[in-house]
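Chemist: Residues in the sequence shown are numbered consecutively from 1, following UniProt numbering. Heads up, the beta-carbon is just placed ideally off N, CA and C, and yes, glycines get one too.
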Amino acid sequence: MKSRRTELEKYGPNLDQRFFRAISDLKYRGDASAHAIEEDPSQDDLEEKSKSATNVAKILFRLKTEAKTAHRNN
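1) Assuming tyrosine 28 contacts alanine 67 (C-beta within less than 8 Å), just tell me the rounded distance between them.
2) Which word fits isoleucine 23, buried or exposed, when buried means at least 16 other C-beta atoms lie within 10 angstroms of its C-beta?
3) Is serine 42 helix, strand or coil when you go by DSSP?
4) Please state the DSSP three-state secondary structure of leucine 63.
5) Express the C-alpha separation of alanine 70 and serine 33 in angstroms, rounding to a whole number.
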C-alpha cells in the first residue's frame, strides 16, 4: 500500500493516516481470518468491521471515479 499512497493522494489530497491504517487493518484481519474460524463473533465487532470496510470501499470508489475524470480531462 505504501507504494500506492502517493498515487492515491493525487486524487484524494485529504486522505489521512487513519484511512491508510484502516486499509492495513482490513488487509491484516482478512489475511488472518482466512486461516482461522471465529466461532462466536460479537454483533458489535461485526458491525465495526462492516462499517470500516464500507467506509474504505466508498473512499476507494470515489478515488477511482476522480481518477477516471482526471484522465479524461488531460
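Modeler: Taking the coordinates as given:
1) Taking the first residue of the sequence shown as position 1, residue 28 is located at position 28. Taking the first residue of the sequence shown as position 1, residue 67 is located at position 67. A Cβ-Cβ separation of about 26 Å leaves tyrosine 28 out of contact with alanine 67 under the 8 Å criterion.
2) Position 23 of the sequence shown holds residue 23. Isoleucine 23 comes out buried.
3) For the purposes of this step, residue 42 is identified with residue 42 of the sequence shown, where counting begins at 1. Note: serine 42 maps to coil in three-state DSSP.
4) One-based indexing of the sequence shown puts residue 63 at position 63. It is helical.
5) Within the sequence shown, the letter at position 33 stands for residue 33. Within the sequence shown, the letter at position 70 stands for residue 70. Between serine 33 and alanine 70, the C-alpha separation is close to 37 Å.
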